[in-house]
Structures are given as C-alpha cells and as structure tokens.
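In my numbering, the protein residues as written are 91 to 330.
Below, the structure written as structure tokens:
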C-alpha cells in the first residue's frame, strides 16, 4: 500500500486493485497545471473510491463530481451533510451518517463522529485498520475562548475519541489534524489520540505549509511507539 500526501487533509491510498482518495481540496500543484491526482491517479487502472468527510470547502471540492466524466469506475462516499447542504444529489454518492457503514468486496468503511460537522472514516482494507479524522480534533482554542468554553470543546472531543476507542483497539495508520492555528497547545488533540488508541503510523494533516512546526510532534509520537510522518512537500509518498 502507498500513502500519498496531496494537500491539507487530502490523501491517496493506493492498493493493487483500487485507490482511495479522501477529502480532496486541491491537487499537488497550481490548479492550471496537472497535479498528481489529475496526471496519474485518475488514470490509474482499478476502481477509485472518493471519500469526503464533510461539506467545508477545504475538505470537499465539487470538482470531484466531474471526475466521473473521465471514468465510470468511481464510487463516491460522502458525509450526509454534503447532501443536506445541496452540494451533491442523492444519485451522486452513498451518504453516511455517524456509525453507518459501507462495504464491498474490497473494503469496509465505517463512519465515526466529528467535533465539527460531518464524520470521520475508519477504513478496513487488506487487513489494515486506517483512520481519517476529517475535522475530528480537540479544537479547544484555549488562547481565545473562556476556560469553560474551551473545556466544553475538549469534552466533546474526548467523548468522540472514547466512542472510537471502545471499538478500535489498534490502528495501522491514522491521518489526523495537527493544526498550528490552535496556538500553544496545537498538538493536544493528536497527543490524546495516540495516547488512547495505539497507532503504528500517524500522518499529520490540516497544517497548511507549516511543515517544520508540525514536525515537532515527532518526539511525543516516539514515546508512544508511533511513527510520525514528517511531510516536507505535497505529493510525498510512503509505502508500507
């Protein structure tokens, strides 16, 4: 399996017979050029699953619905809020609410909660447990909010994390926000995540161009025996 960091919260998971693209926002290069998705992945043999965790424009780009004009073997799996917002039609995709599942002969996807809108995804494929958080994170904003409001945000996150942890005892890979905009405690949600659920590999997302700042999470990840991927550019790949 190959994991490719596309941009922001978008990743591609490449298996031998199929590819999964999650939360497409922008391709790896300027929109007037052909980035990795448009030049390679959309031309790759095998079925393509296109997942979107919620309707925020940095997680759902309606352009993805045009991809079906290029090829027929696409399966769209969206959060229900995308349909509710009128950004796609009922015929465009399979829509999931929290705790709904989709399964076929390649993979199984179960929707879990978020601390914003939409859902997160647990993807079970080829014996691996893979998690994409969407906008699930400890969005505490503790340098901007009153303490009681910040604590409420954290409690909401911990409740969602506990629900996931009751059913998921180990992850081979998690794609999770490490967002420096949160201020001094920007790594708090990721710390809590890998402390609660043993995770072999953590791929950061939702960090813009702050590669060096996000890389500071690596020492903590090592204390939990978790390999932290220190991305350095869009389109970077790992194989495992």
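A virtual CB, placed ideally from N, CA and C, is assigned to each residue, including glycine.
- Query: For residue 109, does the three-state DSSP call read helix, strand or coil?
  - Reply: Residue 109 falls in the strand class under three-state DSSP.
- Task: Let me know the secondary structure DSSP gives residue 252 once reduced to three states.
- Result: Helix.
- Message: Just to check my reading of the structure: residue 218 and residue 91 have Cβ atoms closer than 8 Å, yes? What is that Cβ distance to the nearest angstrom?
- Response: 7 Å
- Is residue 239 helix, strand or coil when you go by DSSP? helix
- Would you kindly work out how many angstroms separate the C-alpha atoms of residue 155 and residue 134, rounded to a whole number? For residue 155 and residue 134, the distance between alpha carbons rounds to 18 Å.
- Query: In chain order, what residues of the same chain have a beta carbon less than 6 Å from the beta carbon of residue 316, not counting five sequence neighbours either side?
  - Reply: 284, 289, 292
- If you count every other CB in all the chains shown that lies within 10 Å of the CB of residue 330, and 16 or more means buried, which is it? exposed
- Compute every distance between the C-beta of residue 279 and the non-hydrogen atoms of the ligand GDP, then say whether any falls below 7 Å. The ligand GDP is absent from the structure shown, which contains no ligand whatsoever.
- Query: Grouping DSSP H, G and I as helix and E and B as strand, with all else coil, what is residue 317?
  - Reply: It is a strand residue.
- Would you mind stating whether residue 229 and residue 205 have Cβ atoms separated by less than 8 Å? yes
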